[in-house]
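Okay, structure first, notes after.
Numbering (this note's numbering), first residue to last: 1 to 202.
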């Protein structure tokens, strides 16, 4: 349900009904949002119906909404978390000194699946490697380490993904932070996509 997320005053209540007219499932708010969301296994074939009402029984021409229905599929969102309210974009950077290492923390939110995760980085510039152990299923933050050899080339375009095989992948450009012997992987957005980790190009 998309209502408050598109600036509608509707405080939605969503109900799903089966072919016999019986209520299968309903929802008011979901995950801290005033928009409704239900995950339902339909018990029988046939026409099913949904009903959308306002929590306070209000309405009007501006009470617009959009209902989105899609099959349940694994979802994964990964990003570099902000540790303080006043964090700057510097926290979204990963400067890698040539001949040295740097660590960062990735935060993961899982949807419709559980289990451990394996991080992998492909198409890294020559001399740049990423090290990460398997992420246990019961935590949502995990450290990864990037290492640059003394002869590491300046970064090119590269992407990251998780195991199992990602269904979508995005890449972003990495560039030198300065003209000195430093490399920087620029991370200015969110990692998105089902079971994948990637960043949009800057």
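Cβ coordinates follow ideal geometry from the N, Cα and C atoms, glycine included. Everything numeric in this text was worked out from a predicted model, so none of it was measured.
| What residue from 64, 77 and 148 has the CA that sits closest to residue 113's CA? | Taking the first residue of the chain shown as 1, we reach residue 113 at position 113. Residue 113 has its Cα closest to that of 77, out of 64, 77 and 148.
| request: Examine the Cβ distances between the stretch 39 to 47 and the stretch 55 to 63 and report whether three or more of them are shorter than 8 angstroms. | output: As far as the Cβ criterion goes, the stretch 39 to 47 does not touch the stretch 55 to 63, which means the pair count is below three.
| Under 7 angstroms between C-beta atoms of residue 135 and residue 116 | Translated into the one-based positions of the chain shown, residue 135 becomes position 135. Translated into the one-based positions of the chain shown, residue 116 becomes position 116. Cβ distance < 7 angstroms, so residue 135 and residue 116 count as in contact.
| request: Return the first residue and the last residue of the beta strand (DSSP E) that residue 93 is part of. | output: Here the question's residue 93 lines up with position 93 in the chain shown. Note, residue 93: beta strand (DSSP E), 93 to 97.
| field | Delimiting residues of the beta strand (DSSP E) encompassing residue 143 | value | Counted from its first residue, the chain shown places residue 143 at position 143. Residues 141 to 148.
| said: Checking 7 angstroms against the spacing of the C-beta atoms, do residue 128 and residue 148 come in under that value? | reply: By one-based count along the chain shown, residue 128 stands at place 128. By one-based count along the chain shown, residue 148 stands at place 148. Yes, the pair counts as a contact, with Cβ atoms nearer than the cut-off.
| query | Below 7 angstroms between beta carbons: does that hold for residue 141 and residue 107? | reply | Position 141 of the chain shown, counted from the first residue, corresponds to residue 141. Position 107 of the chain shown, counted from the first residue, corresponds to residue 107. Contact: yes.
| said: For residue 50 and residue 16, I'd like the C-alpha separation in whole angstroms. | reply: Here the question's residue 50 lines up with position 50 in the chain shown. Here the question's residue 16 lines up with position 16 in the chain shown. Roughly 4 angstroms between the two C-alpha positions.
| field | Straight-line gap, residue 80 to residue 8 (C-alpha atoms, nearest Å) | value | Within the chain shown, numbered from 1, the residue matching residue 80 stands at position 80. Within the chain shown, numbered from 1, the residue matching residue 8 stands at position 8. About 31 angstroms.
| said: Using 8 angstroms for Cβ pairs, my map puts residue 11 next to residue 54. What's the rounded Cβ distance? | reply: As a working note, residue 11 is residue 11 in the chain shown. As a working note, residue 54 is residue 54 in the chain shown. The Cβ separation is near 6 angstroms, so the contact holds.
| query | When the Cα atoms are used, what is the spatial distance from residue 2 to residue 13? | reply | Position 2 of the chain shown, counting from 1, holds the residue named residue 2. Position 13 of the chain shown, counting from 1, holds the residue named residue 13. The straight-line gap from Cα to Cα measures roughly 11 angstroms.
| Rounded distance between the beta-carbons of residue 74 and residue 111, thought under 8 angstroms | To locate residue 111, count along the chain shown from 1; it is residue 111. To locate residue 74, count along the chain shown from 1; it is residue 74. That pair is a contact at about 7 angstroms.
| said: Can you find the residues in the same chain that come closer than 6 angstroms, C-beta to C-beta, to residue 82, ignoring five residues on each side of it along the sequence? | reply: Taking the first residue of the chain shown as position 1, residue 82 is located at position 82. Contacts found: none.
| task | Could you work out which residue in 26, 67, 100 and 122 is closest to residue 6 when comparing CA atoms only? | result | Locating residue 6 in the chain shown gives position 6, where the first residue counts as 1. Answer by Cα proximity: 67.
| Terminal residues of the continuous beta strand (DSSP E) containing residue 76? | Here residue 76 refers to the residue found at position 76 when the chain shown is read from its first residue. From DSSP, the beta strand (DSSP E) with residue 76 extends over 75 to 79.
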